[in-house]
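Read through the structure below, which is laid out as structure tokens, and then see the notes.
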Amino acid sequence: MASLKDLRDRIGSVKATQKITSAMKMVAAAKLRRAQEQAEAARPYAERMERMLASLGSSVRGTPGAPPLLAGTGSDQRHLIVLATADRGLCGGFNTNLVRRARQLIIELRANGKDVQLLCVGRKGRDAIRREYGSLIGGTVEGIGRKAVVFEEADGIADRIRTMFAAGEFDVCTLIYAKFKSAIANEVQAQQLIPAPVPEASDDAGDDLGGAVYEYEPSEEAILADLLPRNVSVQIYRALLENAASEHGARMAAMDNATRNAGERIKGLTLTYNRTRQAMITNELIEIISGAEAL
Amino acid sequence: MADGKVEFELVSPERLLASRAVDMVIVPGGDGDFGVLPGHAPLLSTVRAGVILVYEGREVSDRIFVAGGFAEVTRERCTVLAEVAMPVSEIDTGKTEQDLRDARDDIAGATTDSDRDAASRRADIAQAKLEAVRRSTTH
């Protein structure tokens, strides 16, 4: 049986762990709030941009000479998967879920005979996928959103993707990230980035155009040429924000669990400790009493 | 929709900067400034670096600097997607002049086309900022 000192030490170490996890939980909660606000603040821009793209894209898509960012390269042989994960662990199944989705997609694409390339945003995703698919990793971006995600960072990643696309290194680009739903739930998304998927222009857009068509200034093509690269940046920015919020949410839930588990563990250990102590006292008493009786 | 008003929305990637009903908006379009009044024909336009003027009544109520972006105009709405936006009154002239000098140095020292393009874009933005300040003080 463990000695009293051993038990005391173990209780002490579990208590120390509990303090750390509960502190991490509170930090995650504070960061979550900020990340969530930021993610929500960024939604209007992305929505407006989508609306513009929808009204532009549907009319230009079919025409010859449409920009490749919209119409594609005419092939879907080479795929680029952008896997956005966190830089740090201890956030439950967050990174694992994202990596699992990426792995699934890689297997699926390869089964269809496609070539796959990876761009990892976030250290954890790269670490997890390196062993199996290390040769596919074309690059890694780290340290995103150490404080808060800024647009320039997303733009930098987008720039890299656009350069690769312009150099003809891939045909289709898919972005994997976790969409934030609530503090305890997120949803892994695989979103096609290039060629830009054009949602059907909906009729219930709220504004009545009265069947009128947009005028374009300078021209449809010129706006699209500006809008499409911009859209890549915006979509990545949005994904990074959603990811950050999801990460903090997942970490908060995981740390909450860990704190609770530590509490239960302490309770159990304390019980054993008290029992052991009592048993020893009883033992000593028996010894004294039987000693006295023997006289 | 408020009668005789335009719903003006200004959005940057970070957040929604303004959303309210105003009487007229003047937007620095890629092909020249255009004014938006209620009932404007639907229009999609690029926006160059310049100043958005917001009119309430006959007075300019806000001058907002934008560093380029897009504008979508419908009969009752004017949405501007801006990359960078700030009120003209918050522009720091000294810092902007410094930016302009830096950008010009970079243009002179650029070795690749893309570096030069990036630097000249920065110079254009800084110049447009200074122009915006100058115009708002002389008027």
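Top to bottom, those sequences are chains A and B. Reminder that position 212 of the first sequence reads as 212 in the numbering used here, one-by-one numbering, no gaps. Converting from the second sequence to the numbering used here requires adding 295 to each position, the first position being numbered 1. Even glycine gets a Cβ: it sits at the ideal position worked out from N, Cα and C.
Taking three-plus beta-carbon pairs below 8 Å as touching, is the stretch 29-42 of chain A in contact with the stretch 318-335 of chain B?
no
Span separating the alpha-carbon of isoleucine 184 of chain A from that of glutamine 18 of chain A
Counted from its first residue, the first sequence places residue 184 of chain A at position 184. Counted from its first residue, the first sequence places residue 18 of chain A at position 18. Rounded to the nearest angstrom, the two C-alpha atoms are 20 Å apart.
Which term fits asparagine 257 of chain A, buried or exposed, when burial requires 16 or more other beta carbons within 10 angstroms of its beta carbon?
In the first sequence, residue 257 of chain A corresponds to position 257, counting from 1. By the 10 Å Cβ count, asparagine 257 of chain A comes out exposed.
Is it the case that the Cβ atoms of tyrosine 45 of chain A and arginine 310 of chain B are separated by a distance below 9 Å?
In the first sequence, residue 45 of chain A corresponds to position 45, counting from 1. In the second sequence, residue 310 of chain B corresponds to position 15, counting from 1. Contact flag set, yes.
When we look at the beta-carbon of arginine 126 of chain A and count the other beta-carbons within 10 Å, is it buried (16 or more) or exposed?
Taking the first sequence and counting its residues from 1, the one referred to as residue 126 of chain A is at position 126. With 16 or more other Cβ atoms within 10 Å, it is buried.
Is there contact here, the stretch 174-194 of chain A with the stretch 244-259 of chain A, by at least three beta-carbon pairs under 8 Å?
yes
Under a CB-based cut-off of 9 Å, is valine 306 of chain B close to chain A?
Walking along the second sequence from the start, residue 306 of chain B turns up at place 11. Judged by the 9 Å Cβ criterion, valine 306 of chain B is in contact with chain A.
Residue ranges of each alpha helix (DSSP H) run of no fewer than 4 residues wholly in the stretch 250-284 of chain A, ordered along the chain?
none
Decide if the stretch 145-161 of chain A is in contact with the stretch 253-269 of chain A; the criterion is three or more beta carbon pairs, one per stretch, under 8 Å apart.
no
6 Å CB neighbourhood of leucine 241 of chain A in its chain, flanking five on each side removed
In the first sequence, counting from the first residue as 1, residue 241 of chain A sits at position 241. Excluding residues within five positions, the ones whose Cβ falls inside 6 Å are Gln38, Ala39, Ala42, Val149.
Residue from A:Gln117, A:Phe94, A:Phe151, A:Arg101 with nearest C-alpha to leucine 80 of chain A:
Here residue 80 of chain A refers to the residue found at position 80 when the first sequence is read from its first residue. It is A:Gln117 whose Cα lies nearest to the Cα of leucine 80 of chain A.
Which chain A residues sit within Cβ distance under 9 Å of phenylalanine 360 of chain B?
The residue you call residue 360 of chain B lines up with position 65 of the second sequence. The premise fails here: phenylalanine 360 of chain B is roughly 17 Å from chain A at the closest Cβ pair, so nothing lies under 9 Å.
Against chain A: residues of the stretch 307-326 of chain B by CB proximity under 9 Å
Ser307, Pro308, Glu309, Arg310, Leu311, Ser314, Gly324, Gly325, Asp326
Which class does tyrosine 350 of chain B belong to by DSSP, given the choice of helix, strand or coil?
As a working mapping, residue 350 of chain B is identified with position 55 in the second sequence. Strand at tyrosine 350 of chain B.
Could you please give me the residues that DSSP links to serine 431 of chain B through a beta bridge?
Counted from its first residue, the second sequence places residue 431 of chain B at position 136. Answer by DSSP bridge pairing: none, since serine 431 of chain B is not bridged.
If you count every other CB in all the chains shown that lies within 10 Å of the CB of valine 14 of chain A, and 16 or more means buried, which is it?
In the first sequence, counting from the first residue as 1, residue 14 of chain A sits at position 14. It is buried - the Cβ of valine 14 of chain A has at least 16 other Cβ atoms within 10 Å.
If we ignore side chains and look at the alpha-carbon of each, how far apart do arginine 429 of chain B and threonine 388 of chain B end up?
Residue numbering aside, residue 429 of chain B sits at position 134 when the second sequence is read from its first letter. Residue numbering aside, residue 388 of chain B sits at position 93 when the second sequence is read from its first letter. Between arginine 429 of chain B and threonine 388 of chain B, the C-alpha separation is close to 10 Å.
Between which two residues does the alpha helix (DSSP H) carrying proline 68 of chain A extend?
Within the first sequence, residue 68 of chain A is the residue found at index 68, counting from 1. Its alpha helix (DSSP H) spans residues 68-71.
For methionine 280 of chain A, is the classification buried or exposed, using 16 other Cβ atoms within 10 angstroms of its Cβ as the cut-off for buried?
Counting from one through the first sequence, the residue named residue 280 of chain A turns up at place 280. Exposed is the call here.
If you measure between the beta carbons of alanine 316 of chain B and phenylalanine 303 of chain B, is that distance less than 9 Å?
Position 21 of the second sequence, counting from 1, holds the residue named residue 316 of chain B. Position 8 of the second sequence, counting from 1, holds the residue named residue 303 of chain B. Yes, these two residues count as a Cβ contact at 9 Å.
At the 9 Å Cβ level, is serine 202 of chain A part of the contact set with chain B, yes or no?
Walking along the first sequence from the start, residue 202 of chain A turns up at place 202. Because serine 202 of chain A sits at a pLDDT of 49, beneath the cut-off of 50, its placement in the model cannot be relied upon, and the point is left open.
Would you check if the stretch 51-61 of chain A and the stretch 213-228 of chain A touch, i.e. whether three or more CB-CB distances between them fall below 8 Å?
yes
Over what stretch of residues does the alpha helix (DSSP H) that includes threonine 391 of chain B continue unbroken?
Here residue 391 of chain B is taken as the residue at index 96 of the second sequence, counted from 1. From DSSP, the alpha helix (DSSP H) with threonine 391 of chain B extends over 388-404.
Between the beta-carbon of aspartate 297 of chain A and the beta-carbon of arginine 8 of chain A, is there less than 9 Å?
Nothing about residue 297 of chain A can be reported from this structure: the residues present for chain A run from 1 to 295 only.
Looking at C-alpha atoms only, which residue of B:Thr432, B:Asp419, B:Lys300 is the closest neighbour of glycine 363 of chain B?
Against the second sequence, residue 363 of chain B aligns to sequence position 68. Of B:Thr432, B:Asp419, B:Lys300, the residue nearest in Cα terms is B:Asp419.
Whose C-beta lies closer than 7 Å to the C-beta of leucine 269 of chain A among residues of the same chain, with five residues either side of it excluded?
Here the question's residue 269 of chain A lines up with position 269 in the first sequence. Contacts found: Leu7, Arg10, Ile11, Val14.
Given 8 Å, three or more beta-carbon pairs between the stretch 88-102 of chain A and the stretch 66-73 of chain A:
no
Step through the CB atoms of chain A and report whether any lies within less than 9 Å of the CB of phenylalanine 303 of chain B.
The sequence position of residue 303 of chain B within the second sequence is 8, counting from 1. No - not a single Cβ of chain A is within 9 Å of the one on phenylalanine 303 of chain B.
Is there a Cβ from chain A that is less than 9 Å from the Cβ of proline 333 of chain B?
Within the second sequence, numbered from 1, the residue matching residue 333 of chain B stands at position 38. False, the Cβ-Cβ gap to chain A never drops below 9 Å.
Less than 6 Å between C-beta atoms, sequence neighbours within five positions excluded: which residues of the same chain meet that for serine 356 of chain B?
To locate residue 356 of chain B, count along the second sequence from 1; it is residue 61. Within the same chain, serine 356 of chain B has close Cβ partners Val349.
If you draw a straight line from the alpha carbon of tyrosine 214 of chain A to that of alanine 366 of chain B, how long is it in whole angstroms?
For the purposes of this step, residue 214 of chain A is taken as residue 214 along the first sequence, with counting starting at 1. For the purposes of this step, residue 366 of chain B is taken as residue 71 along the second sequence, with counting starting at 1. Each residue's Cα considered, the two are about 12 Å apart.
Aspartate 76 of chain A touches chain B at which residues, Cβ-Cβ below 9 Å?
Counting from 1 along the first sequence, the entry for residue 76 of chain A is found at position 76. Result: empty, since nearest Cβ-Cβ is about 29 Å, beyond 9 Å.
Does DSSP put asparagine 112 of chain A in a helix, in a strand, or in coil?
Here the question's residue 112 of chain A lines up with position 112 in the first sequence. Looking at asparagine 112 of chain A - three-state DSSP - the assignment turns out to be coil, as it is neither helix nor strand.
Tell me asparagine 186 of chain A's beta-bridge partners as DSSP assigns them.
Taking the first residue of the first sequence as position 1, residue 186 of chain A is located at position 186. According to DSSP, which records beta bridges pairwise, asparagine 186 of chain A is partnered with A:Phe180.
Just how far apart, CA to CA, sit aspartate 208 of chain A and arginine 370 of chain B?
Along the first sequence, one-based indexing puts residue 208 of chain A at 208. Along the second sequence, one-based indexing puts residue 370 of chain B at 75. In this predicted model, aspartate 208 of chain A has a pLDDT of only 45, less than 50, meaning its place in the structure is not dependable enough to derive any value.
Got a sec? Which residues, its chain only, sit under 6 Å from glycine 139 of chain A by beta carbon, not counting five neighbours each side?
The residue you call residue 139 of chain A lines up with position 139 of the first sequence. For glycine 139 of chain A, where only same-chain residues beyond five positions count, the Cβ hits under 6 Å are Leu119.
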